[in-house]
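A short worksheet on the structure shown next.
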Ligand SMILES: NC(=O)c1ccc[n+]([C@@H]2O[C@H](COP(=O)([O-])OP(=O)(O)OC[C@H]3O[C@@H](n4cnc5c(N)ncnc54)[C@H](O)[C@@H]3O)[C@@H](O)[C@H]2O)c1
């Protein structure tokens, strides 16, 4: 091997470059091409190359060439959504420009002239959960096409099963912590466990969902020109020092407590949302949701209303934490869904408090549950949980004025609707179904 190399190098040394052949001009080194040769031999090839490239670009316009490398299958091929599920070639990078999605809508979300938008294509992350599934019902009901993205951590297929087979509905089992690209006009971003039992189960995952998941959805909104709505929470006010809470109040939150993965996660999600809006011109909306109850809540999720209802139905004592004098406001789910849709369709970014200002102590709530389900239900006191806020009551003046929205369903009217759903699920009687539950309110 060595001797062969030596032999070759010796051969090269004794060979003289044949300078009269154009193929050997490279031996002359950089900058030593004769000008006459360049014009005579190379320029025609360059011109032909430019002509071919120009022809290619005018024949295949930008929109039909995908920058995306890996395509996943359409979840329901028969769907008319023109929806494609793809994996990013550039990770979750939020500033880059993947062209897909601009065949119908450009970066500003505007439809090119000559194309009519039949109905909205709406993405609901967390759409198989409690609030999300009711929102999906309303969106489908008004004629939109809906894609639900949900990892089914706390959500259930049963919550949306009545839409299976509808060509305007798709369910994608997907974790929002991973990027996804979908062609949509609006994004309702709900994906996040909402009850303390669930969000404390894996706090790191909770904060990742709030931060990375929200970044991914904002990146998607930017790419496809969609309007983005974040479902934030009254928890951003922490244990409030101001009562009732207005949107301008900055809150009193423990950054290192056991609830911080949720509280601070949502606060960061709000920050990201506003930064995408201010810095990148994304259309955003922020809702701060206060305690909401209704059918399809997880039965054993530890939230006070579901706790009391399930306990009363099972003939167990109602567990009251602390002295029971801490207050909460309870909003029926149909009121919340109405507020979210008004916010999305309206002209105001927010944040907006969406909640029912009617204030109840835990003991008063227990009393209403007793009246509705079982007057003999006993109350049992337990030590309070860490960082449990003492008071929570929304000031909804802003939503009233700018969204013309306020809750209409009282606790005494809404609770029986939830009770009949819980009864069906706890005792296995699904005869009534639950499709009509929301509309009864
Ligand atoms: N219900 C309330 O009282 C209330 C109050 C304040 C804020 N919110 C907010 O409203 C939203 C919906 O709450 P909910 O009460 O319907 O809760 P929920 O737990 O019933 O629904 C959340 C949904 O998100 C899904 N999800 C969770 N992590 C996910 C992930 N990483 N990727 C994909 N999907 C994921 C769950 O499977 C579930 O379907 C949440 O963002 C919550 O923070 C709710």
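Numbering (the working numbering), first residue to last: 1377 to 1817.
A virtual CB, placed ideally from N, CA and C, is assigned to each residue, including glycine.
N- and C-terminal bounds of the beta strand (DSSP E) containing residue i
i: residue 1521; result: 1521-1526
i: residue 1663; result: 1660-1665
i: residue 1548; result: 1545-1549
i: residue 1785; result: Looking at the DSSP string, residue 1785 is not in any beta strand (DSSP E), and its letter there is neither H nor E.
i: residue 1696; result: 1694-1697
i: residue 1564; result: 1562-1565
i: residue 1735; result: 1735-1737
i: residue 1703; result: 1703-1705
i: residue 1718; result: Run containing residue 1718: none in the beta strand (DSSP E); it sits in the alpha helix (DSSP H), 1709-1721.
i: residue 1758; result: 1755-1758
Residue i Cβ short of 7 Å to ligand 1 heavy atom set
i: residue 1637; result: no
i: residue 1665; result: yes
i: residue 1682; result: no
i: residue 1678; result: no
i: residue 1631; result: no
i: residue 1569; result: yes
i: residue 1526; result: yes
i: residue 1502; result: yes
i: residue 1536; result: no
i: residue 1796; result: no
i: residue 1591; result: no
i: residue 1507; result: yes
i: residue 1574; result: yes
i: residue 1610; result: yes
i: residue 1551; result: yes
i: residue 1529; result: yes
i: residue 1649; result: no
Residue i versus residue j: straight-line alpha-carbon distance, rounded
i: residue 1733; j: residue 1579; result: 30 Å
i: residue 1760; j: residue 1697; result: 5 Å
i: residue 1430; j: residue 1424; result: 10 Å
i: residue 1707; j: residue 1787; result: 7 Å
i: residue 1860; j: residue 1426; result: Outside the displayed range of the chain (1377 to 1817) lies residue 1860, so it cannot be described from this structure.
i: residue 1592; j: residue 1678; result: 29 Å
i: residue 1471; j: residue 1636; result: Its pLDDT being 30, under 50, residue 1471 is placed unreliably by the model, and the measurement read from it follows with that caveat. Residue 1471 and residue 1636: Cα-Cα distance of roughly 29 Å.
i: residue 1571; j: residue 1510; result: 17 Å
i: residue 1512; j: residue 1666; result: 20 Å
i: residue 1775; j: residue 1613; result: 17 Å
i: residue 1497; j: residue 1515; result: 10 Å
i: residue 1601; j: residue 1517; result: 24 Å
i: residue 1768; j: residue 1738; result: 12 Å
i: residue 1674; j: residue 1534; result: 12 Å
i: residue 1640; j: residue 1583; result: 8 Å
i: residue 1803; j: residue 1795; result: 12 Å
i: residue 1793; j: residue 1655; result: 44 Å
i: residue 1422; j: residue 1649; result: 49 Å
i: residue 1529; j: residue 1559; result: 24 Å
i: residue 1770; j: residue 1705; result: 8 Å
i: residue 1540; j: residue 1620; result: 42 Å
i: residue 1505; j: residue 1754; result: 30 Å
i: residue 1574; j: residue 1531; result: 11 Å
i: residue 1799; j: residue 1599; result: 44 Å
i: residue 1550; j: residue 1499; result: 13 Å
i: residue 1627; j: residue 1611; result: 9 Å
i: residue 1660; j: residue 1603; result: 6 Å
i: residue 1617; j: residue 1632; result: 19 Å
i: residue 1605; j: residue 1772; result: 18 Å
i: residue 1545; j: residue 1521; result: 6 Å
i: residue 1538; j: residue 1790; result: 22 Å
i: residue 1653; j: residue 1664; result: 17 Å
Where the alpha helix (DSSP H) through residue i begins and ends
i: residue 1617; result: Note, residue 1617: premise wrong, no alpha helix (DSSP H); not H, not E.
i: residue 1509; result: 1506-1517
i: residue 1497; result: Segment 1497-1501 is the beta strand (DSSP E) holding residue 1497; no alpha helix (DSSP H) there.
i: residue 1530; result: Per DSSP, residue 1530 belongs to no alpha helix (DSSP H) and is neither H nor E.
i: residue 1611; result: No alpha helix (DSSP H) contains residue 1611, which DSSP labels as neither H nor E.
i: residue 1583; result: 1579-1584
i: residue 1730; result: Note, residue 1730: premise wrong, no alpha helix (DSSP H); beta strand (DSSP E) at 1728-1730.
i: residue 1768; result: That residue, residue 1768, is in no alpha helix (DSSP H); it is neither H nor E in DSSP.
i: residue 1684; result: 1680-1689
Assumed close pair residue i, residue j - CB separation to whole angstroms, cut-off 8 Å
i: residue 1543; j: residue 1595; result: Their Cβ separation, rounded to whole angstroms, is 28 Å, which puts residue 1543 and residue 1595 out of contact at 8 Å.
i: residue 1501; j: residue 1567; result: 4 Å
i: residue 1623; j: residue 1729; result: 6 Å
i: residue 1524; j: residue 1563; result: Not a contact, Cβ separation roughly 12 Å.
i: residue 1781; j: residue 1740; result: The pair is not a contact, with the Cβ atoms about 25 Å apart (cut-off 8 Å).
i: residue 1766; j: residue 1615; result: 6 Å
i: residue 1779; j: residue 1722; result: 6 Å
i: residue 1756; j: residue 1695; result: 5 Å
i: residue 1725; j: residue 1662; result: 7 Å
Any non-hydrogen atom of ligand 3 closer than 7 Å to residue i Cβ
i: residue 1773; result: For the structure depicted, ligand 3 is absent and the ligand set comprises only ligand 1.
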